[in-house]
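Q:
Protein chains: 2
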Amino acid sequence: MYVTHLECPKCKSRFDYKKLVQLCEKCSSPLLVKYDIKKVKSAFFRAKLSARPYNLWRYKEFLPIENEKNIVSLGEVITPLLKLKNLGKTLGFKHLYLKDEGLNPGGSFKSRGAAVGVSKAKELGVKSFAMPTNGNAGAAWAIYAAKAGIEANIVMPKDAPLITRNECAVSGAKLYLVDGLISDAGKITAKAVQRYGIMDASTLKEPYRIEGKKTMGFEIAEQFGWKIPDVILYPTGGGVGLIGIYKALLELREIGIIDILPRLVAVQAQNCAPIVKAYENGQKESVFWENAKTVAFGITVPKALGDFLVLEAIYKTNGTAVSVSDEDILKYQLLLAGSEGLFICPEGAATAAAAHLLLQSRWIKPNEKVVLLNTGSGLKYPDTVNANSPILSVNDEIVI
Amino acid sequence: MYVTHLECPKCKSRFDYKKLVQLCEKCSSPLLVKYDIKKVKSAFFRAKLSARPYNLWRYKEFLPIENEKNIVSLGEVITPLLKLKNLGKTLGFKHLYLKDEGLNPGGSFKSRGAAVGVSKAKELGVKSFAMPTNGNAGAAWAIYAAKAGIEANIVMPKDAPLITRNECAVSGAKLYLVDGLISDAGKITAKAVQRYGIMDASTLKEPYRIEGKKTMGFEIAEQFGWKIPDVILYPTGGGVGLIGIYKALLELREIGIIDILPRLVAVQAQNCAPIVKAYENGQKESVFWENAKTVAFGITVPKALGDFLVLEAIYKTNGTAVSVSDEDILKYQLLLAGSEGLFICPEGAATAAAAHLLLQSRWIKPNEKVVLLNTGSGLKYPDTVNANSPILSVNDEIVI
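Going down the list, the protein sequences come from chains A and B.
Per our numbering, the very first residue in the first sequence carries number 22; after that it's consecutive.
Per our numbering, the very first residue in the second sequence carries number 22; after that it's consecutive.
Here is the structure:
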């Protein structure tokens, strides 16, 4: 393992990676994991990647686990990068791709953060944690915690997708629903963490979830033969995936395996678009979004702790931030399933709607390589689809 | 491609693989795809498997697609083979594994049959098909058909899992619900096929679905380093997966890459156990099971068209057939999630219950290598779990 220390991106304070550290003790910023890049570079170029397991653990030089016996795995896979020929043709893209995170254990990209986060928690001797969630992250941490034998206390809005509740319950987590938003769940979590002295696994309040999420960036780069696409669109709630992809690409550039970065696009819903608003105003941080509500439940985050990191990733890559309507989200969800056979989550569908907007405004050119990041499977959102089908009796016939 | 012909396993009649053939025209048996084993052997041993895509298409010498441009892919992965250390310890197994088919596109093993079946249908110029289903197969064929641009007519019991209905609807398939069982859906499909002259994609009524399913056998063999485990337990409805795994293992034995076969176990639910009953009576075929009903909806198949092939696979491998109660299915589903973090479908959980029974009866020895085949993700069965969680107001605290 090549971790050297944990570092505050705001005040540059350094912290010991051998201890459980949550936020920067000076300015309460999220911390980032720093590696000895020279050693990573040497090891990564010596490694024969093709001989390694076909999952996120193949990028082990860039991961924070000291002893491989602490790895908690539920069978992660390299998720597919699919060329969307049919949809691309319909919308006017020559090279439109989708990275399908729905094929992760638990059906969402949250399992990457949980895989690395829970493994590291196990390595640090954690016995119990609490976290707020919009559903998928809590479910992912609950299933990994079950395998690790760590107690999980999950607090989620009562309106979160039912299936994510079931995932927590079936895997033995302690589940609490709150009549409010993820920000309210966060307050309840904070009180429990303080009272019981357990680990706080809230988004970005521990530094390792991002290390798991960043493997999306490594995979995209490797799947394109280390030739980076022009644009990556990411549905942004807490934004850890975008921060992670950006961190991964910076690390790959530091070791010289890539040179230019893609333009990163944060996609939000019109009724919860704090990052978009901040970007449009040229600000470095976002403002709490009142009365947030969208069908893309996973990105209903009124104010993200890592908003400044998301905005930095956008500004530094000449990216942008764009919001889309719930109506368009559902429309593009249908379009993707009907033309490509991909039943994706509404959050993922938001990126397709946004890509089309950006193509129409010529921010994206038709011949550019564009990647939609689908964060989860549509299977977790049965309520977004209406199946009005005739009910036949056993002696009926169908008319085609 | 090394297909030589289609063959009837009952009367040995041969049929031309270049035409769309459904059942044996003489005895109405399902047909099997036959390969030029000598050529396959030579090509397979020359091939550098490790340099191939990490999905089922890597076994292309054993697959029936002539032109790779006809392949319809939704990003299939090699599904994980996980060692169940925690559960194994609890139950008394030293080497208990689970092959997790929940990570396929669409969340179930049915996508294997659909991937190869729809690809071959496309290659044969099929424009429309109809099929009965208990949910997952119809959903899988619907999503692959959407990508292929083929019309899908899906008939399923109205009690099939809601999410599989949504998968059909969202991908633009024509969906019909029937107030009855899959056998009733089959009758409605048969009438439509006859009336409109479209392809019949019913289980085993076309020979290519099994070619997709058999890749589970190749993967298990390769994942064990071509050293075959002692026992494979499979949740058996139509039984295509078991027939496919058996076919794959016979083919691998024919080219000399393996020598002995595992004992194959068909697992059914106590309230729908026609194969188990036939096995216990030493029969070659099963009898229609009246009033079939189980929480493991996918294996509610009162009489499988390929029952004789399932029973042959069991007899020839010194396997067995065993049924389990719905109560045990739900109990082992909880046990797997709680101890291994694997939220699997009730059908998959049935194999864990059966394995434990067979260990207790000493049919399985504690030190044998045992594989549970989990056919799908628990995400598709939200109703099998009860999440009774307290609902807090925003100012409440949690007590750990």
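All C-beta atoms, glycine included, are put in the ideal place defined by N, C-alpha and C.
In chain B, which residues lie less than 8 Å from residue 217/A when you measure between Cβ atoms?
A: Near residue 217/A (Cβ distances below 8 Å), the residues of chain B are 421.
Q: Exposed or buried, which one is residue 414/B when buried takes at least 16 other CB atoms within 10 Å?
A: Result: exposed.
Q: Roughly how many angstroms separate the alpha carbons of residue 395/A and residue 161/B, rounded to a whole number?
A: Cα to Cα, the separation comes out at about 19 Å.
Q: Count the CB pairs spanning the stretch 220-237 of chain B and the stretch 254-266 of chain B that are closer than 8 Å, and state whether there are at least three.
A: Segments in contact, yes.
Q: Counting contacts by CB-CB distance shorter than 9 Å, is residue 304/A in contact with chain B?
A: No, residue 304/A does not count as interfacial toward chain B.
Q: Buried or exposed for residue 310/A, please, with buried defined as at least 16 other CB atoms from any protein chain shown within 10 angstroms of its CB.
A: By the neighbour-count rule (16 or more Cβ atoms within 10 Å), residue 310/A is buried.
Q: Which bits of chain B does residue 414/A rub up against, with CB to CB less than 7 Å?
A: Those are 200, listed as they occur along chain B.
Q: Closer than 8 Å: is that where the CB of residue 370/B sits relative to any heavy atom of the ligand FMN?
A: Here there are no bound small molecules, and the ligand FMN is not part of this structure.
Q: List the endpoints of the continuous beta strand (DSSP E) containing residue 150/B.
A: Per DSSP, residue 150/B belongs to the beta strand (DSSP E) from 149-153.
Q: Got a sec, what are the start and stop residues for the beta strand (DSSP E) residue 381/B sits in?
A: Residue 381/B -> not in any beta strand (DSSP E); alpha helix (DSSP H) instead, spanning 367-381.
Q: Is residue 315/A closer than 9 Å to residue 292/A when the C-beta atoms are compared?
A: Yes, the Cβ-Cβ distance between residue 292/A and residue 315/A is below 9 Å.
Q: Which residues share a DSSP beta bridge with residue 121/B?
A: DSSP lists 395/B as partners of residue 121/B.
Q: Of all the CB atoms in chain A, is at least one closer than 9 Å to the CB of residue 140/B?
A: No, residue 140/B does not count as interfacial toward chain A.
Q: Note down, one range per segment and in chain order, each alpha helix (DSSP H) of at least 4 residues found wholly within the stretch 310-338 of chain A.
A: Correct list: 328-337.
Q: Nearest chain A C-beta to residue 273/B closer than 9 Å, yes or no?
A: It does not; no Cβ of chain A falls within 9 Å.
Q: Can you list the residues of chain B that residue 150/A reaches, using a CB-CB cut of under 7 Å?
A: Those do not exist, as residue 150/A stays about 11 Å from chain B at its closest Cβ, beyond 7 Å.
Q: Strictly by DSSP, which residues pair up with residue 175/B?
A: BP columns for residue 175/B point to 152/B, 196/B.
Q: On the CB-based measure, 16 or more other CB atoms within 10 Å of its CB, does residue 221/A come out buried or exposed?
A: Buried.
Q: Spatial neighbours of residue 30/A within its chain, please: CB distance less than 7 Å, with the 5 preceding and 5 following residues excluded, ordered by chain position.
A: Hits under 7 Å: 50, 53, 330.
Q: Just curious, the alpha helix (DSSP H) that residue 263/B is in, first and last residue?
A: Looking at the DSSP string, the run of the alpha helix (DSSP H) that includes residue 263/B is 261-275.
Q: With residue 149/B and residue 174/B assumed to form a contact (beta carbons below 8 Å), what rounded beta-carbon distance in angstroms separates them?
A: At roughly 7 Å, the Cβ-Cβ gap stays under 8 Å, so residue 149/B and residue 174/B are in contact.
Q: Looking at the strands, I want to know which residues DSSP matches up with residue 136/A.
A: Bridge partners of residue 136/A: none, in fact.
Q: Which residue wins for smallest C-alpha separation from residue 355/A, given the options 120/A, 335/A, 249/A, 402/A?
A: If we check each option's Cα against that of residue 355/A, 402/A comes out closest.
Q: Just to confirm, are residue 245/A and residue 273/A a CB contact at a threshold of 9 Å?
A: Cβ atoms of residue 245/A and residue 273/A: not closer than 9 Å.
Q: Residue 352/A lies in the alpha helix (DSSP H); which residues open and close that run?
A: Segment 347-361, the alpha helix (DSSP H) holding residue 352/A.
Q: When you compare each of 294/B, 227/B, 129/B to residue 46/B by their alpha carbons, which one comes out closest?
A: Checked all of 294/B, 227/B, 129/B; the closest Cα to residue 46/B is 227/B.
Q: Relative to the C-alpha of residue 9/B, which residue among 91/B, 96/B, 113/B is closest?
A: Nothing can be reported for residue 9/B, as the shown portion of chain B is limited to 22 through 421.
Q: How is residue 44/B classed by DSSP in three states: helix, strand or coil?
A: Strand, per DSSP.
Q: Mapping DSSP to helix, strand and coil, what is residue 54/B?
A: If DSSP states are grouped into helix, strand and coil, residue 54/B belongs with the strands.
Q: Using the C-alpha atoms, what's the distance from residue 409/B back to residue 176/A?
A: C-alpha separation (whole angstroms): 13 Å.
Q: Cβ closer than 7 Å: which chain A residues qualify as neighbours of residue 366/B?
A: Correct list: empty, because the minimum Cβ distance to chain A is about 12 Å.
Q: How should residue 28/A be labelled, buried or exposed, when 16 other C-beta atoms within 10 angstroms of its C-beta is the threshold for buried?
A: Classification of residue 28/A: buried, given that the 10 Å Cβ count is 16 or more.
Q: Determine the DSSP secondary structure at residue 256/A, reduced to helix, strand or coil.
A: Three-state result, residue 256/A: strand.
Q: Compare the C-alpha of residue 298/A against each of 419/A, 64/A, 345/A, 25/A and name the closest.
A: Answer by Cα proximity: 345/A.
Q: Can you confirm whether the stretch 109-125 of chain B touches the stretch 188-204 of chain B when touching is taken to mean that 3 or more C-beta pairs between the two stretches lie within less than 8 Å?
A: Taking 8 Å as the limit for Cβ pairs, the verdict is that the stretch 109-125 of chain B does not touch the stretch 188-204 of chain B.
Q: Residues in its own chain within less than 6 Å of residue 266/B by CB, not counting five upstream and five downstream?
A: Excluding sequence neighbours, residue 266/B sits near 237, 238.
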